[in-house]
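With my numbering applied, the sequence shown covers 11 to 343. Glycine is no exception: its CB is placed at the ideal position from the N, C-alpha and C atoms. Everything below concerns the one structure shown next.
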Amino acid sequence: MRFLKLMLVFIGMTSLSTPAKEIRVGTTNGQVVTIVEALRQAEPGDEIILSPGVYREAGIRWTRGGTADSPIVLRSDGNGPVVICGSVLVTDWVDIGNGIWKRADWKHDSQQLFVTGQPLQQIAARNPFTQQDAGDGNKCLLPQGRSVQDLVPNSFFYDVDTQTLFCRLVGSQNPNQLLVEASISNDVMDGNGQSHIVLKGLIFRHSNGTSTGQRSALLRVNGNHWRIEDCTFEQGDFSGIALAGEGHQIRQCRIQDNGCVGIDVNGGESDDRPPQQILLENLIVRNNNHRNFYSYWHAGGIKLIPNVRGVTIRGCDIRDNYGPGVWFDASGG
Numbered sequence: 011m012r013f014l015k016l017m018l019v020f021i022g023m024t025s026l027s028t029p030a031k032e033i034r035v036g037t038t039n040g041q042v043v044t045i046v047e048a049l050r051q052a053e054p055g056d057e058i059i060l061s062p063g064v065y066r067e068a069g070i071r072w073t074r075g076g077t078a079d080s081p082i083v084l085r086s087d088g089n090g091p092v093v094i095c096g097s098v099l100v101t102d103w104v105d106i107g108n109g110i111w112k113r114a115d116w117k118h119d120s121q122q123l124f125v126t127g128q129p130l131q132q133i134a135a136r137n138p139f140t141q142q143d144a145g146d147g148n149k150c151l152l153p154q155g156r157s158v159q160d161l162v163p164n165s166f167f168y169d170v171d172t173q174t175l176f177c178r179l180v181g182s183q184n185p186n187q188l189l190v191e192a193s194i195s196n197d198v199m200d201g202n203g204q205s206h207i208v209l210k211g212l213i214f215r216h217s218n219g220t221s222t223g224q225r226s227a228l229l230r231v232n233g234n235h236w237r238i239e240d241c242t243f244e245q246g247d248f249s250g251i252a253l254a255g256e257g258h259q260i261r262q263c264r265i266q267d268n269g270c271v272g273i274d275v276n277g278g279e280s281d282d283r284p285p286q287q288i289l290l291e292n293l294i295v296r297n298n299n300h301r302n303f304y305s306y307w308h309a310g311g312i313k314l315i316p317n318v319r320g321v322t323i324r325g326c327d328i329r330d331n332y333g334p335g336v337w338f339d340a341s342g343g
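Have a look at this one:
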């Protein structure tokens with residue numbers, strides 16, 4: 011009788027547990043069609059698997075994290091590039107002469123415009139960083155040019171007053187015949203304070219938070235114990251990754267071609283905080299600050315401020331950044 015009771019208790023306990031599941035996104039016979047919906051469904055231990063493609067989902071926010079034993083995994087299926095970006099396609103350009111094209115009724119103060127994957131020079135930026143003092147009398151971002159009349163080949167201008175986007179390409183090319191993308195999303199993915207999350211084999215591109223004065227990021231991590239492997243973070247308007255919290259591991263990733271800085275690490279307000287135990291290992295960090303933010307303010311490869319403690323940077327290739335490669339600023343060591 012005692013054995014039977016134990017068996018019934020065991021069966022009852024196991025029937026209450028929920029096995030981990032796979033959530034497939036993006037395939038014709040997949041369970042869901044968007045990353046946002048997959049995140050709503052995911053429970054600790056689940057694995058979200060993305061099919062190859064471009065996912066233009068602005069402002070993705072995690073709504074649940076995993077546990078130490080059962081993290082939530084978001085990864086590619088390994089069959090081709092998976093690109094998650096905060097931009098939209100721009101079509102319906104009108105030729106106004108002299109090699110200049112306009113797109114009327116554009117509601118976004120897009121800080122970046124890309125043609126066939128390459129960024130154009132922004133003319134007459136009007137974001138708050140152009141007015142912010144860097145602390146030594148210089149502006150955080152110095153605008154180039156003043157109006158549409160200053161467009162040069164491979165540049166763009168946004169007229170905030172008329173909500174019109176202008177561009178000029180090399181050789182008077184027609185943008186309607188090319189892939190043109192404009193950034194619109196403040197951040198591409200926000201961890202929203204969640205912890206125990208794994209990202210693998212993903213490409214993040216195109217953010218736009220500087221339009222409202224935000225130090226935006228392609229990925230904002232603000233919980234604990236994230237593991238990020240074999241991912242690419244490129245062409246963000248400010249930073250590739252904004253990192254806060256503890257116990258993170260970022261390995262074998264590429265952080266490149268971002269507007270101001272590759273990785274922002276934040277230690278918080280307490281000057282006696284415990285070590286964060288963050289590992290940055292075997293990363294490629296290159297060609298950041300292509301928008302030419304003032305390099306003595308906040309720019310370059312990796313910026314750690316304030317009160318950052320217990321960060322290990324090992325085996326990384328950090329080069330060709332327009333500013334310091336690694337900058338510990340107001341950090342506790």
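Kindly indicate which residue of Ile273, Pro316, His308, Tyr304 has the alpha-carbon position closest to the one of Cys326. Ile273
Would you identify the three-state DSSP class for Ala192, choosing helix, strand or coil? strand
I believe Gln58 touches Ile94 by the beta-carbon criterion, under 8 Å. Please report the beta-carbon distance rounded to the nearest angstrom. The residue asked about is misnamed: residue 58 is Ile in this sequence, not Gln. About 12 Å; that fails the 8 Å criterion.
In the structure shown, what three-state DSSP assignment does Arg324 receive? strand
With DSSP as the reference, label Phe248 as helix, strand or coil. coil
Length-filtered (3 minimum) beta strand (DSSP E) runs lying within the region 258 to 313: 259 to 261, 264 to 266, 271 to 275, 288 to 291, 294 to 296
Which term fits Ala78, buried or exposed, when burial requires 16 or more other beta carbons within 10 angstroms of its beta carbon? exposed
Expressed to the nearest angstrom, what Euclidean distance is found between the alpha-carbon atoms of Ile82 and Asp146? 45 Å
Please state the DSSP three-state secondary structure of Val34. It should be pointed out that residue 34 corresponds to Arg in this sequence rather than to Val. Three-state result, Arg34: strand.
Just list the residues that DSSP pairs Pro129 with in beta bridges. Phe124
Taking 8 Å as the cut-off, does the region 280 to 300 touch the region 166 to 174 (at least 3 CB pairs, one atom from each stretch)? no
What separation, rounded to the nearest whole angstrom, lies between the Cα atoms of Val198 and Gln51? 19 Å
For Gly211 and Arg85, believed in contact at Cβ under 8 Å, the rounded distance: 5 Å
What is the residue span of the beta strand (DSSP E) that Leu99 lies within? 97 to 99
Below 8 Å on the Cβ atoms is my contact criterion, and I expect Ile182 with Gly109 to pass it. Report the Cβ-Cβ distance as a whole number of Å. Correcting the residue type first, residue 182 is Ser in the shown sequence and not Ile. So it is a contact: roughly 4 Å between Cβ atoms.
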